[in-house]
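Using our numbering, you'd call the opening residue of the sequence shown number 5 and step up by one each time.
C-beta atoms are modelled at their ideal positions from N, C-alpha and C, and glycine is treated no differently.
What you are looking at is a predicted structure, and each value in this text was computed from that prediction instead of being measured.
See structure below.
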Amino acid sequence: MPTAKPFDAAIAGGGLIGAAIAWELARAGLHVAVFDRAEPGREASWASAGILSPAPENPAMLPLVPLGLTSLRLYPEWIAKLEAATGLPTGYRTNGTLEVLLDPDTAEALPAVVARHRSLGLACELLSPAEARKLEPALGEAVHAAALRPEEASVDPRLLTAAVLEAARRSGVAFFPGSAVQAIWREADRCDGVVTSAGKFSAKTTIIAAGCFSAGIEGAAAYAPVRPAKGQMVALRPPGPAIKRVLWSEHIYLVPRTALPGEGGRILAGATVEYTGFEKSVT
Numbered sequence: 005m006p007t008a009k010p011f012d013a014a015i016a017g018g019g020l021i022g023a024a025i026a027w028e029l030a031r032a033g034l035h036v037a038v039f040d041r042a043e044p045g046r047e048a049s050w051a052s053a054g055i056l057s058p059a060p061e062n063p064a065m066l067p068l069v070p071l072g073l074t075s076l077r078l079y080p081e082w083i084a085k086l087e088a089a090t091g092l093p094t095g096y097r098t099n100g101t102l103e104v105l106l107d108p109d110t111a112e113a114l115p116a117v118v119a120r121h122r123s124l125g126l127a128c129e130l131l132s133p134a135e136a137r138k139l140e141p142a143l144g145e146a147v148h149a150a151a152l153r154p155e156e157a158s159v160d161p162r163l164l165t166a167a168v169l170e171a172a173r174r175s176g177v178a179f180f181p182g183s184a185v186q187a188i189w190r191e192a193d194r195c196d197g198v199v200t201s202a203g204k205f206s207a208k209t210t211i212i213a214a215g216c217f218s219a220g221i222e223g224a225a226a227y228a229p230v231r232p233a234k235g236q237m238v239a240l241r242p243p244g245p246a247i248k249r250v251l252w253s254e255h256i257y258l259v260p261r262t263a264l265p266g267e268g269g270r271i272l273a274g275a276t277v278e279y280t281g282f283e284k285s286v287t
């Protein structure tokens with residue numbers, strides 16, 4: 005049997021995106037429910053590096069650049085609002101991204117890359133190796149070229165997701181952990197809510213934010229052809245000064261992470277990419 009009182013919105017997926025949508029809708033006065041197959045915020049949101057960059061890595065990403073740039077520029081106001089609402093940290097850093105190239109052949113192409121970024125509206129500055137080392141003294145002598153993208157930022161996804169979940173709960177969002185959305189509940193040509201492992205739930209609006217699990221929701225696969233990709237990172241505690249900003253190179257990125265009480269700064273180094281389905285063991 006469906007729930008007696010319909011929700012204004014039912015959201016499949018309780019990660020960062022689903023929880024953020026829920027919070028904003030609840031702040032607007034809507035009655036919102038979030039359904040997650042396990043514990044909210046413990047899938048991709050838990051494992052992300054947290055780099056906030058609209059810079060395209062390949063041509064397929066070009067159509068998303070305007071959206072990414074707009075989103076990046078909205079982050080300061082949104083983070084301030086979130087931290088004020090919860091009193092919780094998010095690990096938000098606004099020091100930019102420093103791209104450093106170690107291969108001489110790759111380095112020769114960097115001026116063209118910088119010009120392309122600028123043509124897309126992205127702030128990007130070509131730097132000499134000496135200028136790069138001045139920004140990040142921990143860099144070695146192997147740097148052949150560098151570029152700074154000063155507008156870019158990073159967050160600690162675990163802190164950010166925890167803050168968003170707390171904000172949503174305080175705003176009255178109903179969470180249903182361990183309740184996987186199995187199908188969109190349809191009546192004729194109308195969407196009436198969701199069918200979950202815990203039963204049917206009526207909703208005026210249904211939002212799919214289940215990441216790579218979205219394609220497994222009956223009625224949503226055609227709209228969310230997402231497949232899982234496993235990325236692995238390693239957390240380091242450097243003996244010397246920690247880096248101040250995201251460092252991006254040909255085959256690796258380094259992300260400064262918020263220091264925990266009683267310890268120095270940490271660095272995340274990543275990442276591998278493997279298409280192994282939903283298998284998450286460390287390889």
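- For Pro133, the secondary structure class from DSSP, reduced to helix, strand or coil, is helix.
- For Val118, the enclosing alpha helix (DSSP H) stretches over residues 114 to 123.
- According to DSSP, Phe179 shares a beta bridge with Val38.
- Selection Ala202, Thr287, Ala226 evaluated against Val238 yields Thr287 as nearest (Cα-Cα).
- Arg174: not part of any beta strand (DSSP E); member of the alpha helix (DSSP H) spanning 161 to 174, first to last residue.
- For Val238, the secondary structure class from DSSP, reduced to helix, strand or coil, is strand.
- Here Val277 is exposed, its C-beta having fewer than 16 other C-beta atoms within 10 Å.
- Around the Cβ of Asp160, a 10 Å sphere holds 16 or more other Cβ atoms; the residue is buried.
- The alpha-carbon separation between Ala219 and Glu155 amounts to approximately 34 Å.
- CA-to-CA, the gap between Ala214 and Ile25 works out to about 12 Å.
- Secondary-structure assignment with DSSP links Ile212 through a beta bridge to Ala16.
- In this structure, the beta-carbon distance from Asn99 to Arg249 falls below 9 Å.
- Burial state of Pro58 is buried, judged by a 10 Å Cβ sphere holding 16 or more other Cβ atoms.
- In the structure shown, Lys204 adopts extended strand secondary structure according to DSSP, grouped into three states.
- Of the residues Arg153, Ile271, Tyr79, Gly203, the one whose Cα lies closest to the Cα of Arg122 is Arg153.
- Proximity of the stretch 185 to 205 to the stretch 217 to 232 meets the contact definition, three or more beta-carbon pairs being nearer than 8 Å.
- In this structure, the beta-carbon distance from Ala150 to Glu103 falls below 9 Å.
- Bridge pairing for Ala187: Val199, Glu222 [DSSP].
- For Gly281, the closest alpha carbon among the candidates Pro245, Pro232, Gly274 is that of Pro232.
- Excluding sequence positions up to five before and after Leu34, its CB lies within less than 7 Å of the CB of Asp12, Ala13, all in the same chain and listed in chain order.
- In the DSSP assignment, Leu76 falls within the unbroken alpha helix (DSSP H) covering 69 to 90.
- Note on Glu43: under 16 other CB atoms within 10 angstroms of its CB, so exposed under the neighbour-count rule.
- The alpha carbon of Leu86 has as its nearest neighbour, out of Val117, Glu170, Pro108, Leu56, the alpha carbon of Glu170.
- Annotated three-state conformation of Gly244 is coil, per DSSP.
- Per DSSP, the continuous alpha helix (DSSP H) segment holding Ala51 begins and ends at 48 to 51.
- With fewer than three CB-CB distances shorter than 8 Å, the stretch 162 to 180 does not count as touching the stretch 66 to 82.
- In this structure, the alpha-carbon of Gly274 lies about 43 Å from that of Pro10.
- In this structure, Thr200 sits away from Gly19, with a CB-CB distance that is not shorter than 9 Å.
- Apart from sequence neighbours up to five positions away, the residues of its chain that approach Arg173 with a beta-carbon distance below 8 Å are Phe179, ordered along the chain.
- By DSSP's assignment, Tyr257 forms a beta bridge with Trp252, Gly274.
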